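Engineer:
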Amino acid sequence: MTRPPATALSLPRDNTDGAAPGSSDHPTPPAGTTSAHPLRKAITSSFLGNFVEWFDYALYGYLSATIATVFFPEDEGRTALVKTFGLFALSFLIRPVGAVVWGHIGDRLGRKTALSWSILLMSGATTCIALLPGHATIGVAAPVLLLTFRLIQGFSAAGEYAGASTLLTELAPTGKRGLVAAVVPASTASGLLLGSLMAALLTGVLDDAAMESWGWRIPFLIAAPLGLVGLVIRRSLDESAAFTDAVAQAARANEEAGPGKAHRPLREVFREPRALGIAFAAAVLNAIGFYVILSYMPTYLSEELGQDDTDAFIAASVALFAYIFSVLLTGWMSDRIGRRKIMLTASFAFVVAAVPGFLLLDGAGLALVIVIQIIMGMVLALNDGVLPAFLAEQFSTGVRLTGFAVTFNTANAVFGGTAPMIATLLIGWTGLTVAPAFYLMAAALVTFLAVLKAAETHRAALS
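Residue numbers for the sequence shown, in the UniProt record's numbering: 1 to 463.
1. Taking only the alpha-carbon atoms, compute the straight-line gap between residue 353 and residue 312 and give it to the nearest angstrom.
2. Are residue 182 and residue 451 closer than 8 Å when you measure CB to CB?
3. Put residue 102 into one of helix, strand or coil per three-state DSSP.
4. Thinking residue 287 and residue 416 are a contact (beta carbons under 8 Å), I'd like their distance in whole angstroms, please.
5. Count the other C-beta atoms from every protein chain shown that fall within 10 angstroms of the C-beta of residue 29, then say buried if there are 16 or more, exposed otherwise.
6. Hey, could you find the ends of the alpha helix (DSSP H) residue 117 is sitting in?
7. Starting from residue 332, trace the alpha helix (DSSP H) both ways and give me its first and last residue.
8. Since residue 514 and residue 230 are thought to touch, with beta carbons under 8 Å apart, how far apart are those beta carbons, to the nearest angstrom?
9. May I have the straight-line CA-CA distance separating residue 462 from residue 136, to the nearest angstrom?
10. Compute the Euclidean distance between the alpha carbons of residue 84 and residue 175, then round it to the nearest angstrom.
11. Could you give the distance in angstroms between the alpha-carbon of residue 203 and the alpha-carbon of residue 65?
12. Candidates 95, 46, 169, 361: which alpha carbon is nearest residue 152's?
13. In the DSSP assignment, find the unbroken alpha helix (DSSP H) run with residue 181 in it and report its ends.
14. Quick one: what's got a C-beta closer than 6 Å to residue 171's C-beta in the same chain, skipping five residues either side?
15. Count the other CB atoms within 10 Å of the CB of residue 44; is the residue buried (16 or more) or exposed (fewer)?
16. Taking the C-alpha atoms as reference points, what is the distance between residue 419 and residue 89?
17. Please report how far the alpha carbon of residue 103 lies from the alpha carbon of residue 430, in whole angstroms.
18. Please name the residue in 208, 68, 389, 53 whose C-alpha comes closest to that of residue 121.
19. Suppose the cutoff is 8 Å on Cβ atoms and the five residues either side in sequence are ignored; what does the same chain contact list for residue 376 look like?
20. Just the C-alpha distance for residue 359 and residue 322, rounded to the nearest angstrom, thanks.
21. With H, G and I counted as helix, E and B as strand and the rest as coil, what does DSSP make of residue 74?
22. Verify whether the separation of the beta carbon atoms of residue 213 and residue 324 is less than 8 Å.
23. Between the alpha carbons of residue 21 and residue 361, how many angstroms are there, rounded?
24. For a quick check, are the C-beta atoms of residue 433 and residue 305 less than 8 Å apart?
25. So which of 424, 127, 458 has the shortest CA-CA distance to residue 291?
26. Cutting at 8 Å between CB atoms, please list the residues of its own chain near residue 26, excluding the five before and the five after it.
27. Looking at the structure shown, is residue 238 part of a helix, part of a strand, or coil, going by DSSP?
28. Measuring only the C-alpha atoms, how far is residue 58 from residue 295?
29. Alpha carbon to alpha carbon, how far is residue 17 from residue 271?
30. Say whether the segment 333-348 touches the segment 407-416, bearing in mind that this needs 3 or more beta-carbon pairs closer than 8 Å, one atom from each stretch.
31. Quick one: what's got a C-beta closer than 8 Å to residue 226's C-beta in the same chain, skipping five residues either side?
32. Go ahead and label residue 207 buried or exposed: buried means 16 or more other beta carbons lie within 10 angstroms of its beta carbon, across all protein chains shown.
33. Ignoring anything shorter than 3 residues or poking outside the segment 268-311, list the beta strand (DSSP E) runs there in chain order.
34. Which same chain residues, not among the five before or five after residue 275, have their C-beta less than 7 Å away from its C-beta?
35. Between 164, 141, 126, which lies nearest to residue 149 when the distance is taken from Cα to Cα?
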């Protein structure tokens, strides 16, 4: 089998016999018939690696109130919080650029190479944030450097969700793609869960002065050793038969076409405009819903509704726990009844129930807050548990990672990264604490219309 062209970005290969990525001493199985052991290893490594990366990335969101005080001490209340969420949003704007880069690497050199480098960059940037002096020490350089490291985080995160989803979808048997790919949002939520639990612990045992001085740095420092573990995990991955077959076909096509006709995933993916449009719009509910319900909610409860910080983090943690199991269940369900039915149900539910849900949160006790967040998380899981397989199935193998990464990350750049900031601004502009629900309803409507136009793909072979 033809080896993808080597470049300076290639990591040292695990094999020593000169074999191509994904090859072994045994013949490559046909796509969709991956043996159990490589699939289990891919599931485990994808879960753990994605867990590490999103634990790193989530910390900023969960500790936003403290970070606002450390890096924007001259501002007060909602102004400092908006600036902090503004940096959160700016880090998302670079994600489409990262998507192009990681998509190109993943579709040409392998999913494994893209995933390995993304976790290295993420963990390095997170460690730098942990060691970054605050505004009181280095002045305006502090928020500038914070922005720089956040941009690096955003760039690296662009390849994570799409890369892991693409790899698992390609490795899974046709009748289990939904369940296997649902490991990705489950691992993402698991990383967020650990961030939530750690934030709850720190805010519960440390006073404000200790949190602002050194407490907020502790979880960021954990990224350094976890990043090394993640790299080892990623380098042990096998490429899918679908990818290695696509590489071989592309090599033959290049030989026949002659010089200047190399595989260019970004150019080629635009030959699938319908897939691009559907995938982008289908990702909108995830982009807004995930960050509003599972990331922004603790800040919303404490800053806007006056809930106790520890109670807010406890509620978020319970909701994430329910979400993790729910995405796996809905991924499994989508392999049996189809992707569209489940995603349409989720979108419709948010259109009709988002406002009542947010109204009930205002003035609710901890028990009711937990119940409402669990319900919201489980409804979101109806969408998110199906989304990875749904998006991957929209594109052909040669451009799958590029198509997935570009659409998913562009939706997150435009809508997801700005969701906490827009939610906060909407409350300020309207004077209504229920205002974030309107944004959630609009996102659900966009995704509903996109999925309505899509073909059912749960039983179709990958092209």
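A virtual CB, placed ideally from N, CA and C, is assigned to each residue, including glycine. Since this is a predicted model, take the numbers as computed values, not measurements.
Structural biologist: Taking the geometry as given:
1. The alpha-carbon atoms of residue 353 and residue 312 are separated by roughly 21 Å.
2. No. Outside cutoff.
3. In the three-state scheme derived from DSSP, where H, G and I count as helix and E and B as strand, residue 102 is classed as helix.
4. Their Cβ separation, rounded to whole angstroms, is 3 Å, which keeps residue 287 and residue 416 in contact under 8 Å.
5. Low local confidence applies: a pLDDT of 45 at residue 29 is under 50, so the model's placement there is unreliable, with the coordinate-based value given in what follows. Exposed, by the Cβ-count rule.
6. Note, residue 117: alpha helix (DSSP H), 111-131.
7. In this chain, the alpha helix (DSSP H) harbouring residue 332 covers 309-337.
8. Nothing about residue 514 can be read from this structure; the chain reaches only from 1 to 463.
9. Taken atom to atom, the span from the alpha-carbon of residue 462 to that of residue 136 is near 55 Å.
10. Approximately 44 Å between the Cα atoms of the pair.
11. Residue 203 and residue 65 have their C-alpha atoms some 11 Å from each other.
12. Residue 152 has its Cα closest to that of 95, out of 95, 46, 169, 361.
13. Membership of residue 181 in the alpha helix (DSSP H) is indicated by the continuous run 177-181.
14. Apart from sequence neighbours up to five positions away, the residues of its chain that approach residue 171 with a beta-carbon distance below 6 Å are 34, 39, 42, 240, ordered along the chain.
15. Around the beta carbon of residue 44, a 10 Å sphere encloses fewer than 16 other beta carbons of the protein chains shown; the residue is thus reported as exposed.
16. If you take the alpha carbons of residue 419 and residue 89, they lie about 8 Å apart.
17. In a straight line, the C-alpha of residue 103 is about 40 Å away from that of residue 430.
18. The candidate whose alpha carbon is nearest that of residue 121 is 53.
19. Here residue 376 has 293, 319, 357 as same chain residues with Cβ atoms under 8 Å from its own Cβ, once five neighbours each way along the sequence are excluded.
20. C-alpha separation (whole angstroms): 22 Å.
21. The three-state secondary structure of residue 74, taken from DSSP, is coil.
22. No; because the gap between Cβ atoms is not below 8 Å, this pair is not in contact.
23. Low per-residue confidence applies at residue 21: pLDDT is 36, beneath 50, and the placement is therefore not dependable enough to give any value.
24. Contact: yes.
25. Nearest C-alpha to residue 291: 424.
26. Note on residue 26: pLDDT 39, under 50, position unreliable in the model; no value is reported.
27. DSSP places residue 238 in coil when its eight states are reduced to three.
28. Whole-angstrom Cα-Cα distance: 8 Å.
29. Only weak support is given to the placement of residue 17: the predicted model assigns it a pLDDT of 39, under 50, and the value that follows is read from those uncertain coordinates. Straight-line Cα distance between these residues: approximately 37 Å.
30. The segment 333-348 and the segment 407-416 do not touch, with fewer than 3 CB-CB distances between them shorter than 8 Å.
31. Leaving aside the five residues that flank residue 226 on each side, the residues in its chain whose CB is nearer than 8 Å to its CB run, in chain order, 52, 55, 56, 123.
32. Exposed, by the Cβ-count rule.
33. Counting only unbroken stretches of 3 or more residues, no beta strand (DSSP E) element lies wholly within the segment 268-311.
34. Excluding sequence neighbours, residue 275 sits near 394, 395, 403.
35. Nearest of 164, 141, 126 to residue 149, Cα basis: 126.
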